[in-house]
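Just so we're aligned, residue 0 is where the sequence shown starts under numbering that gives the first Met the number 0, counting upward by one.
Glycine included, every Cβ here is placed at the ideal spot set by N, Cα and C.
In what follows, a structure is listed as structure tokens, so that the remarks can point back to it.
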Amino acid sequence: MEKNLKREEFLLRINGLANGTHCVSIKCDKTFFDIAQMEELHDGDLDLQITMEIQDKNVQIRFDFKGYVVAACDRCLDDVRVPMDFSEHLVVKLVENPAAFENQEDDNLWIIGEKEPMIDIFHFVYESILLAMPMRIVHPDDENGNSTCNPEILGKLNELKAKDDDIDPRWSALKDLIPNE
Ligand SMILES: [Zn+2]
Numbered sequence: 000m001e002k003n004l005k006r007e008e009f010l011l012r013i014n015g016l017a018n019g020t021h022c023v024s025i026k027c028d029k030t031f032f033d034i035a036q037m038e039e040l041h042d043g044d045l046d047l048q049i050t051m052e053i054q055d056k057n058v059q060i061r062f063d064f065k066g067y068v069v070a071a072c073d074r075c076l077d078d079v080r081v082p083m084d085f086s087e088h089l090v091v092k093l094v095e096n097p098a099a100f101e102n103q104e105d106d107n108l109w110i111i112g113e114k115e116p117m118i119d120i121f122h123f124v125y126e127s128i129l130l131a132m133p134m135r136i137v138h139p140d141d142e143n144g145n146s147t148c149n150p151e152i153l154g155k156l157n158e159l160k161a162k163d164d165d166i167d168p169r170w171s172a173l174k175d176l177i178p179n180e
């Protein structure tokens, strides 16, 4: 999909809608990750279901994410698919004078002018994805408990580890005297 069209999907119309529930679904795909230019993530395929509950000047928004993102493995640096299944929420209040609320610091509460026709949720969405990422990303083990990391890199890592274990004990003792950086 063209980048401009994908970007526009994240402009959510909230004003002039009838009270009640409104649903929108968006795909966070390769085009989305290309636009977001996140260092950590460059690809993925997430279904984002947005449910808006509109009650006059209050909009409750629920975001349900399901799918996967592609990130570099912490062990072998090859790409790995990270499954994602999480939710976020946002409350939008439409007020006459939003400047009076500019000190509020809740990221999940937006106070905007009552004449604003739409909100831009693009940054909110990608920050939600980043926050939901696991701390450690590694290729999973297969059914036999063996790592599915790049075997070449795994082999090199094991070689290095073996060398470290073989180190001359005298040098080892000396090394202990050197303060760690
Ligand atoms: Zn790996």
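### Query
Does the beta carbon of arginine 12 fall short of 7 Å from some heavy atom of ligand 1?
no
### Task
Anything with a beta carbon under 5 Å from a heavy atom of ligand 1 counts; list them all in chain order.
Cys72, Arg74, Cys75, His138 and Cys148
### Query
Going straight from the alpha carbon of arginine 6 to that of histidine 41, what length do you get?
16 Å
### Query
Beta carbon of leucine 183, beta carbon of lysine 65: below 8 Å?
A query on residue 183 cannot be resolved here, the shown segment of the chain reaching from 0 to 180 and no further.
### Message
Across the stretch 5-22 and the stretch 47-56, are there enough close Cβ pairs to call them in contact, namely three or more that are closer than 8 Å?
### Response
yes
### Query
Comparing alpha-carbon positions, which option in Ala99, Asn149, Ala161 and Ala17 lies nearest aspartate 78?
Of Ala99, Asn149, Ala161 and Ala17, the residue nearest in Cα terms is Asn149.
### Task
Please confirm whether valine 137 and aspartate 55 have their CB atoms less than 8 Å apart.
no
### Query
Between valine 90 and isoleucine 118, is the Cβ-Cβ spacing less than 8 Å?
Not a contact, by the Cβ cut-off of 8 Å.
### Task
Output the distance between the C-alpha atoms of serine 86 and leucine 130, rounded to the nearest integer angstrom.
When rounded, the distance between both Cα atoms is 11 Å.
### Message
Please return the same chain residues whose Cβ sits closer than 8 Å to the Cβ of phenylalanine 9, not counting the five positions on each side in sequence.
### Response
Ile25, Asp119, Ile120, Phe121 and Val124
### Task
Name the one or two DSSP bridge partners that isoleucine 53 has.
Paired residues: Gly19 and Val58.
### Query
How big is the Cα-Cα spacing for lysine 160 and proline 139?
Rounded to the nearest angstrom, the two C-alpha atoms are 21 Å apart.
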